[in-house]
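Take a look at the structure below.
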Amino acid sequence: MIRINDLKSNKKYITLWYVVCMLFLSCSSSSDEVMVSGLHKGAKTPLMQSVADYMDKIQVVEKDSSYQLTEGLTITEVNFRYLTRPTRMFVAEIDLDKNLSVVTCTPNNENIQDQPQVMPEQMIWAEKAGKDICVGVNGDFAGKYTDKNKFFTMNIFVKDGQILKETYYPGYEGLFVVLKNGESKIIHPKDFEGIKDDVLEAMGGYHSLVRDGEENKEMPVDDITMQFGPRTFVGLSKDNKKCFLFVIDGRQEGYSSGMRLEDVATLCKGAGCYNAINLDGGGSSTFVIKDRTGSFNVLNKPSDGQLRPVINGLVVIKK
Amino acid sequence: MKKYIYLLTYITLTMISCNYLDVEPGDTITDTRFWATANGVALEQYCHTYYPSLVIGHGNPNSWDGSPLITADLQSDNLLSGGANQIAFGKNVKNHTDGAWSWGVIRGCNAFLENYMRSPASANDKRHYAGEIYFFKAWDYFNKMKRFGDLPWYDKVLDKNDPDLYKKRDSRVLITDSILMCLDRAIEYLPKQTDVCKVSKNAALLLKARVCLYEGTWRRYRDMEGDEELLKKAYDTAGELMKTEYGHNLYTGNGTEMSYFNLFIQDHYQGNPEIILSREYDPAINMGHQISRQYPMSNYGMSRDCFEEYLCSRTGKPISVCGCHNPHMGYLSEMMDRDRRLVQTICVPDPNSPHAQYLYRKDGGLMKGGAPNIFNLFDGTNERPFYGTSVTGYCISKFYKASEWEGTEAFKGTTDAPVMRYAEVLLIRAEAGAELGLDPELDKTINALRRRVGFSFDLTANPVEDPDLASKYPDIKGADKNLIREIRRERRIELFAEGYRWDDLCRWRAGVNLLNRERRGAIMDSKFYSAKEINMIREKIGFDEDGFITPYAIRVTYKPSFTEKNYLFNIPIEETSLNPNLLPDNPGW
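Line order of the protein sequences matches chains A and B.
Under this note's numbering, the letters of the first sequence match residues 1 to 319, in that order.
Under this note's numbering, the letters of the second sequence match residues 1001 to 1589, in that order.
If you want it as structure tokens, here you go:
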């Protein structure tokens, strides 16, 4: 696997992130009244209650809260113990019936993706192009040409109805697509060819996590899947009307060590995903929201200690 | 009237050409101006550009990728991780492009050597920095030769119309001679070591000895001419660097129990008598690494094959014949009473051992932890958490510094990387000597390395045959086959996870024999793992008939198929299509 690394990024977002974290700690409107310890392992939000009940490997949900960012879009922030390790997770639940859509974004909002860019900057460029953005996460794995300082996205990629990449690599099992009729789906990239004229947006992931309601039990056992690492993943409910964007922090002992991929699959199932795929993780995992003042804030704590430029991303926009 | 207009236009055009087109650009420095004004500092800065690409050490600061120094051994039979290494399995396909086929360094060095005499810097400075440039040019060519074999040798800066852009490859004999000419110049020009992070005469001597040993054995094991002469040069050059005037010695500052381990986790190597060249890291100026944060999370594991080579310290014999060790005696017991470099290289699953490293941690007053997780497949519990993980069961501790792990932020690793060290000089002296039938000076070389870790049995000039080593290296050319095999054992152990093993296997032509073997890990000891855990590994990962973990047996669908062609890489297809004179490609490609 090829990783993007060693790229400089912008310090101001980290400072911003701290400020916003502090801000949200104080303004989160959680369902604090439920205090029955033991029930749902201490989880208070409906999402985490469902996850905690389903997932044996979660010992306790130490803290969870959720708030509505805009109509149809709920953000949940959680601290839990998983396999005795502290874990920090951010989830965006998007009701796709509420005039919201999940679409792709690129560096500088351009159609050429060879130089990565940090997520908040990609989102600023998408706004400049007229999109009203609420939330964003990093996207597909990136490959790097061995002798050139240029990158490419590993899986198929479509933005604003334009097919920017039509090929994918073996092993890449999931593709998130939005059709021109507004419907969102998760398909296998091999099925793209047949529907490509109807596709408005498409971005790939690597491993399939949940497929037609079944957890992927055929996950390879290797360094990517078996390490406790930061993760980004996307899921859809059975009726494809609800989309989930997840980011789990990792590689930071004492704060959050991250998750193995087979357990990520279990978590997706527990959260109510009928289909879900794994996106680029590690130092690339980024979870950004637009706050009330209109600025973009990184909520999670990227494991490189700074934002890593990424090749593309998924953003939630108001239609 | 019209003619005046023509005249005016003509004059204007002439003026334009006079006044502007010949003017030097105001915002960049031209070649001519640079060299005419380059003082000593400018020449030094010129040289600095080549340090990051050649003195690699733990790699670029602030990079998540593992240290190249350590991970280079994944491409060998020393170190295993989650996926099978394509190159060590002989499964790499023909490269279309190849980052190693890049000529920026050579071109930059040639530009320096063509022009530096025009610089107003002092004669001393010019000499010194020309020495550095010769050193870098030699190193870059050596790296290319190891990968591609024959290469075009360039001694000048090519311009875009130069016919030499389409020249043929020169033979590796010419390349070696030319590399050695560069190194002799570097040795002549460079001062002795004063700053361990800078290239010195000492470093140039070591590089020369390394090149001579590499090429000397490469040719010897392929029946090519010139091997004796090169091996003699390796022997003499290593001998030169062993003279007291160079001031090198093995580092023994922490006793036999810890010196070897501590050698690799020092914040700075200035004044350390063993280090000949190092790369600096300093998080205070945003130039840290995270080797120690990465180890406990990585799946790296020492191969069983390598583990077995560490001798028994009670008898001085290999563990297959010593009588006091056997694979079924228990995971921990088998690590005890061995050459102490073993426990200073891998983590020991004993909370009371100074070598437990990251396998244990204090939690609520109790020491918790134990043997490592395998492939991270086990969940662990509050009572029995897993703090390390490995695909073989042997977690690596070499280069791990505890204070740079728990609770630290990203990229706060401050230990420098030992890129060249004196132990290699001793190993070159011993190996070249033994190959030639000259005195390997065992007391000063191999036995000095053994004494550092308190190993009380010396290697003698006529050791008994170890059946294991004899099967690994059946074809030895030198007179005393067993002595050479023992020196190879010593080299593997001493230089583990420092990126030497692949080169060694290639030059000894041992890859076909060794890299096609099944990769193995430890036997899972029921004292450390539950029956359920052992079953899970049996199902998902696999054991061989003797009970050793076979990390790739079930998950990897292919078997290694390393052949003669895999000792070299192909010339990238993009390059041969631009310059067909580079063909024929290397044999087999």
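Using N, Cα and C, we set each Cβ at its ideal position, and we do this for glycine too.
Treat the numbers as computed from the prediction; the structure is a model and nothing was measured.
Check	Outcome
My parser needs the beta strand (DSSP E) runs of 3 or more residues fully inside the segment 64-98 of chain A; what are they?	73-82 and 85-95
For the segment 1353-1365 of chain B against the segment 53-64 of chain A, are there 3 or more C-beta pairs whose distance is under 8 Å?	no
Using a beta-carbon distance cut-off of less than 9 Å, what residues from the segment 217-248 of chain A approach chain B?	220, 221, 222, 223, 224, 225, 226, 227, 228 and 229
Identify the continuous beta strand (DSSP E) that holds residue 1417 of chain B and give its terminal residues.	1417-1421
For residue 1486 of chain B, collect the residues of the same chain with a Cβ closer than 6 Å to its Cβ; drop the 5 residues on either side in sequence, then sort them by chain order.	1459 and 1463
Taking just the CA atoms, how far does residue 103 of chain A sit from residue 177 of chain A?	9 Å
State yes or no: is the beta carbon of residue 1057 of chain B nearer than 9 Å to at least one beta carbon in chain A?	no
Residue 1537 of chain B lies in the alpha helix (DSSP H); which residues open and close that run?	1531-1540
Keeping to the same chain, check which residues put their C-beta closer than 7 Å to that of residue 1254 of chain B; ignore five residues upstream and five downstream.	1262
Rounded to the nearest angstrom, what separates residue 1433 of chain B and residue 1473 of chain B at their Cα positions?	18 Å
Below 8 Å on the Cβ atoms is my contact criterion, and I expect residue 1522 of chain B with residue 1549 of chain B to pass it. Report the Cβ-Cβ distance as a whole number of Å.	6 Å
Does the segment 285-301 of chain A touch the segment 240-257 of chain A, meaning 3 or more C-beta pairs lie closer than 8 Å?	yes
With 9 Å as the threshold, decide whether the Cβ of residue 151 of chain A is near any Cβ in chain B.	no
Name the DSSP bridge partner or partners of residue 1312 of chain B?	B/1338
Decide yes or no for the touch test of the segment 1203-1210 of chain B against the segment 1182-1191 of chain B: beta carbon pairs closer than 8 Å, at least 3 of them.	yes
Is it a yes or a no for the segment 210-228 of chain A touching the segment 301-309 of chain A, going by three-plus beta-carbon pairs under 8 Å?	no
Quick one: Cα of residue 75 of chain A to Cα of residue 112 of chain A, how far?	31 Å
DSSP three-state call for residue 300 of chain A: helix, strand or coil?	coil
Take the Cβ of residue 1396 of chain B as the centre, count every other Cβ of all protein chains shown within 10 Å, and call the residue buried at 16 or more, exposed below.	buried
For residue 1305 of chain B, which of B/1243, B/1080 and B/1341 has the nearest alpha-carbon?	B/1080
Looking at the structure shown, is residue 1584 of chain B part of a helix, part of a strand, or coil, going by DSSP?	coil
Within a Cβ cutoff of 8 Å, which residues of the same chain sit near residue 1340 of chain B, ignoring the five residues on either side of it in sequence?	1256, 1257, 1260, 1313, 1453, 1454 and 1455
Going along the segment 1400-1429 of chain B in order, which residues come within less than 9 Å of chain A, judged by CB to CB distance?	1405, 1406, 1407, 1408, 1409, 1410, 1411 and 1412
Tell me, to the nearest whole angstrom, how far the beta carbon of residue 232 of chain A is from that of residue 1385 of chain B; I am working on the premise that it is less than 8 Å.	The pair is not a contact, with the Cβ atoms about 26 Å apart (cut-off 8 Å).
Cβ of residue 1385 of chain B less than 9 Å from any chain A Cβ?	yes
Buried or exposed: where does residue 29 of chain A fall if 16 or more other Cβ atoms within 10 Å of its Cβ makes it buried?	Only weak support is given to the placement of residue 29 of chain A: the predicted model assigns it a pLDDT of 40, under 50, and the value that follows is read from those uncertain coordinates. Per the 10 Å Cβ criterion, exposed.
Can you tell me which of the three DSSP states residue 1360 of chain B falls into?	strand
Is the separation between the beta-carbon of residue 1067 of chain B and that of residue 1531 of chain B shorter than 9 Å?	no
Checking the sheet assignment: what are the DSSP bridge partners for residue 256 of chain A?	A/252
Have a look at residue 970 of chain B and residue 1092 of chain B and give me their C-alpha separation to the nearest angstrom.	Outside the shown range of chain B (1001 to 1589) lies residue 970 of chain B, about which nothing can therefore be said.
Which residues in the same chain as residue 1176 of chain B place their Cβ atom closer than 6 Å to its Cβ, once the five residues preceding and following it in sequence are excluded?	1215
Please check if any C-beta of chain B sits within less than 9 Å of the C-beta of residue 209 of chain A.	no
Report yes if the C-beta distance between residue 1389 of chain B and residue 227 of chain A is below 9 Å; otherwise report no.	yes
Going straight from the alpha carbon of residue 273 of chain A to that of residue 1450 of chain B, what length do you get?	59 Å
Along the segment 1075-1098 of chain B, where does the CB come closer than 7 Å to a CB of chain A? Name the residues.	1081, 1082, 1083, 1097 and 1098
When we look at the beta-carbon of residue 275 of chain A and count the other beta-carbons within 10 Å, is it buried (16 or more) or exposed?	buried
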